[in-house]
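First to last, the sequence lines map onto chains Z and E.
Take 1 as the starting number for the first sequence in the numbering used here and just add one per residue.
Take 393 as the starting number for the second sequence in the numbering used here and just add one per residue.
The beta carbon of each residue, even a glycine, is placed where N, CA and C say it ideally should be.
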Amino acid sequence: MSIDRLTPGSQTSLREANRARVVKAVQQRGALTQVELAGVTGLSPATVSNIVKELTAAGVLATSPTSRSGRRAQQVTLARALGLVGGVHFGIRTLRVALADTSGRTVAEQRMPLAPDHRADIGLDRVALLLEEMLEQVDATRDELLRVGVGVAAPIDPADGRVTTRGLLRGWDGVRVADVLGEQLAVPIDVDNDANLGALAESRQGAAREFRDVVYIRVSNGVGAGLVLGGRVHHGRSGAAGEIGHSTIDENGPVCRCGNRGCLEMYVAAPSLLAMLEPTHGTLSMQGVLDRAAAGDLGCVRVLEDSGRHLGVAVANLCNLVDPEIVVVGGQVAAAGELLLDPLRASLARRAVPSDEGPVPVVLAEFGTQSELRGAVLLALENVEIARGGPR
Amino acid sequence: MTPAPVLALRKVTKTFGAVRALVDVDLAVHPGEVLAVVGDNGAGKSTVVKILAGVLGPDTGTLELDGNVVTFPTPGAARAAGVTAVFQDLALCDNLDVVENIFLGHELRERGRRSGALLDEVEMERRAWELLGELAVRLPSVRVPVGTLSGGQRQAVAILRALHGEPRVVLLDEPTSALGVAQTAEVLTLVERLRDRGLGVVLVSHSMADVHAVADRIAVLRLGRHATTFDARTTSYEDLLAAVTGARVPGPTAGPPRRVSHEADARSSATGGER
């Protein structure tokens, strides 16, 4: 995003670069008014207006009348005819797949439960079939699919789309996700860690869209964090940045799936909460726990509160390192809302370095359990090569 | 301790002539739990469902509902006790629409001055939409003939019909066979929603991947005998396949912590020790 704000480049490529800048801005944000476009791109409103006119005539962009703070404005989106992108989120127990048009609007969506320790080959195969069936549902052909973004609940090397840790998502060790799925679908595939994609979605379009330094925490069957620093998702050496779920809470705690002991995940993730409740409440699903907690079941309320408190400790450590402007909490457990966030804020405030600015705001993800899927769509959208001469 | 099973088979044996379909089978499903029953062809899966649904009676052994011995002489008796089944053929009327199918046999009648004379179509349609909304089932319309719906949607309609009369246990016989991936996804999501409502679900299926995705416990039948029950969360795909085919898995993966052979201790050992 910072590049977008630089003064436009040399004379020779000025025109082409400006067009690219406008398309990119619309791609990233879905829908913008011309005035907002001028603000984002650093171009003058007159230039933006001219470029939008040209690109609309070329069939790349579409405009529609809208209003902003009571004034009439032109809303700019990408033209639908340009094609569709896919978004895929492989969680620990759930698969989500979406199809979106190039303005980022979801046109089809599907969710599927996954087996524990599900296999990459079965999963990727199903995704390919699902995307094909979903394309059929929206009356699109296969060659309208331009690109697919994939989020996986394991550290991913963003350069080659490979799972870089062993044992975190057992059926996926070392899998080259981009290569395998790319071969099946014959389109380019972008892969990233799911929490990173959640962070991307929330910082671009969700609860943290005003901020440039953002911590996104995903609490579901696993726990992960995505860091947005200076407006960019931070990956680290091999994509393992933000693996907060495996930071140690208790050196002598229970052994975690990663092989270490007393990881945060063992105290706050859904399977641990369910195991804590099993002796008294029997078999419950996470949704069952959330429903009971909302109805005032003391045991369910308690495990969610404890989960929030433990999260607060880990988030405090993270905040002391990163000093974010905002902390966004998403994932299925976050659907507990203030029941989780209140104790989280309290325990965060006790441990984070006090600031004259006051405590860092902690908010719920705007896209709920869909943040990662949304982020996968955004990732694909950002990388789509759109021929600026219009549809081929 | 843990809540009692809502429905259980105790030492059930069933023979058809020389064929011993079930031998001393113990099974139990708890409220808010998905119990999967898997096995090879002829393992006795369908017989289990038929006995639970009151289609067949056991030769020996008993059925227990909330810990009390019961008999289901007919499927109607099972339904009255809160146990309904959706069989593979779905038994839908293709020429009737979604609302008519859901309320088939227990249509609502209009109240008021012409009391009982006419069907209350408006109320039935409203309730159908309500049910569809609660379970997030996506249908184009509730007024299209069921014959025009996809396999997954038909399965969903059959399940909705089974939910009539607030059952406590739903038996699903091969709900994902012959479905595409998108439809399988919808049916599996629906199974999760049934569990979230606190229903006990017995899911009979061939597809290990589907079963493993939604089940809490997986009972493996082999040649009419109850081979073992797995805790789905801690069982690997290989262990499951090995148990179904009767292969023995060498090494520690086949050891006791992952495998529990009796219903009673299946639950206690799942909570103890490893967590």
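Could you compute how far the alpha carbon of residue i sits from the alpha carbon of residue j?
i, j, result
"Gly299 of chain Z", "Leu99 of chain Z", "40 angstroms"
"Gly368 of chain Z", "Arg614 of chain E", "43 angstroms"
"Ala316 of chain Z", "Arg351 of chain Z", "6 angstroms"
"Pro537 of chain E", "Val441 of chain E", "28 angstroms"
"Glu136 of chain Z", "Arg111 of chain Z", "17 angstroms"
"Lys403 of chain E", "Leu563 of chain E", "20 angstroms"
"Val603 of chain E", "Phe622 of chain E", "12 angstroms"
"Glu515 of chain E", "Ala483 of chain E", "24 angstroms"
"Gly375 of chain Z", "Ala509 of chain E", "56 angstroms"
"Arg176 of chain Z", "Asp190 of chain Z", "11 angstroms"
"Leu448 of chain E", "Val289 of chain Z", "37 angstroms"
"Glu36 of chain Z", "Asp101 of chain Z", "21 angstroms"
"Val383 of chain Z", "Val636 of chain E", "Sequence inspection shows Asn at residue 383 of chain Z; the Val mentioned does not correspond to that position. So the two alpha carbons sit approximately 46 angstroms from each other."
"Val417 of chain E", "Gly525 of chain E", "38 angstroms"
"Pro399 of chain Z", "Asn320 of chain Z", "Residue 399 of chain Z lies beyond the residue range present for chain Z, which begins at 1 and ends at 392; the question has no answer from this structure."
"Ser355 of chain Z", "Glu210 of chain Z", "20 angstroms"
"Gly364 of chain E", "Glu499 of chain E", "This structure gives no information on residue 364 of chain E, because the portion of chain E shown stretches from 393 to 667."
"Gln547 of chain E", "Ala420 of chain E", "25 angstroms"
"Ala435 of chain E", "Val606 of chain E", "21 angstroms"
"Leu55 of chain Z", "Leu32 of chain Z", "15 angstroms"
"Leu318 of chain Z", "Gly167 of chain Z", "24 angstroms"
"Ala396 of chain E", "Leu274 of chain Z", "18 angstroms"
"Asp129 of chain Z", "Ser49 of chain Z", "Reading off the sequence shown, one finds Leu at residue 129 of chain Z, where the question assumed Asp. Cα-Cα distance, rounded: 42 angstroms."
"Ser396 of chain Z", "Pro113 of chain Z", "In the structure as shown, chain Z starts at 1 and stops at 392, and residue 396 of chain Z therefore has no counterpart that could be examined."
"Glu251 of chain Z", "Cys263 of chain Z", "8 angstroms"
"Ala400 of chain E", "Ser628 of chain E", "26 angstroms"
"Ala639 of chain E", "Ala413 of chain E", "21 angstroms"
"Val478 of chain E", "Glu566 of chain E", "9 angstroms"
"Gly497 of chain E", "Val97 of chain Z", "38 angstroms"
Starting from residue i, find everything on chain Z with Cβ-Cβ shorter than 8 angstroms and list it in chain order.
i, result
"Gly572 of chain E", "Leu129, Glu133"
"Arg625 of chain E", "Pro116, Pro271"
"Ser628 of chain E", "Asp117"
Nearer than 8 angstroms: is that true of the beta carbon of residue i relative to any heavy atom of the ligand FAD?
i, result
"Gly151 of chain Z", "In the structure on display, the ligand FAD does not appear, and there are no ligands present to speak of."
Does the beta carbon of residue i sit closer than 9 angstroms to a beta carbon anywhere in chain Z?
i, result
"Ala646 of chain E", "Because the pLDDT of Ala646 of chain E is 39, which lies under 50, any placement of that residue in the model is unreliable, and the question is left without a value."
"Val562 of chain E", "no"
"Thr407 of chain E", "no"
"Gly459 of chain E", "no"
"Gly474 of chain E", "no"
"Gly590 of chain E", "yes"
Output, in chain order, the set of chain Z residues within a Cβ distance shorter than 7 angstroms of residue i.
i, result
"Leu580 of chain E", "Met112, Pro113"
"Ala605 of chain E", "Pro113, Leu114, Ala115"
"Arg587 of chain E", "Ser285"
Should residue i be flagged as near chain E, meaning a C-beta pair shorter than 9 angstroms?
i, result
"Gly288 of chain Z", "yes"
"Arg261 of chain Z", "no"
"Ile189 of chain Z", "no"
"Ile122 of chain Z", "yes"
"Arg29 of chain Z", "no"
"Asp173 of chain Z", "no"
"Gln137 of chain Z", "yes"
"Arg93 of chain Z", "yes"
Taking C-beta pairs closer than 9 angstroms, name the residues in chain E that residue i reaches, listed in chain order.
i, result
"Arg126 of chain Z", "Val573, Thr576, Ala577, Ala601"
Given that residue i touches chain E, what residues does it touch there, using C-beta distances under 7 angstroms?
i, result
"Thr283 of chain Z", "His422, Gly424, Glu425, Asp608"
Could you work out which residues of chain Z lie near residue i, taking near to mean beta carbons separated by less than 9 angstroms?
i, result
"Ser597 of chain E", "By Cβ distance, chain Z contributes nothing, its closest Cβ being about 12 angstroms from Ser597 of chain E, past 9 angstroms."
"Glu584 of chain E", "Pro113, Ser285, Gln287"
Shorter than 9 angstroms from the beta carbon of residue i to some beta carbon of chain A?
i, result
"Asp291 of chain Z", "Of the protein chains in the structure, Z and E, none is chain A."
> Enumerated in chain order, which unbroken segments of the alpha helix (DSSP H) with a length of 4 residues or greater are wholly contained in the region 255 to 321 of chain Z?
Replying inline: 265 to 268, 270 to 281, 286 to 294
> Is the region 297 to 311 of chain Z in contact with the region 341 to 348 of chain Z, if contact means three or more CB pairs nearer than 8 angstroms?
Replying inline: yes
> Are at least three pairs of beta-carbons, each pair with one atom in the region 605 to 613 of chain E and one in the region 160 to 167 of chain Z, less than 8 angstroms apart?
Replying inline: no
> Three or more C-beta pairs closer than 8 angstroms, one from the region 171 to 185 of chain Z and one from the region 323 to 341 of chain Z: is that the case here?
Replying inline: no
>> With three or more beta-carbon pairs closer than 8 angstroms as the criterion, would you say the region 480 to 497 of chain E touches the region 448 to 463 of chain E?
In response: no
> Can you list the beta strand (DSSP E) stretches of 3 or more residues lying completely in the region 435 to 465 of chain E, in chain order?
Replying inline: 452 to 457, 460 to 462
> Would you call the region 128 to 147 of chain Z and the region 194 to 207 of chain Z in contact, with 3 or more CB pairs under 8 angstroms?
Replying inline: no
> Along the chain, which unbroken stretches of the alpha helix (DSSP H) at least 4 residues long are found entirely within the region 188 to 256 of chain Z?
Replying inline: 194 to 204
> Do the region 584 to 604 of chain E and the region 404 to 415 of chain E touch if we need at least three Cβ pairs shorter than 8 angstroms?
Replying inline: no
>> Please give the ranges of any alpha helix (DSSP H) in the region 106 to 177 of chain Z, keeping only runs that are unbroken, at least 4 residues long and fully inside the region.
In response: 120 to 137
> Below 8 angstroms, can you find three or more Cβ-Cβ pairs linking the region 216 to 224 of chain Z to the region 236 to 246 of chain Z?
Replying inline: yes
> For the region 541 to 586 of chain E, which segments carrying the beta strand (DSSP E) assignment without a break, of at least 3 residues, lie completely within its bounds, in sequence order?
Replying inline: 561 to 565
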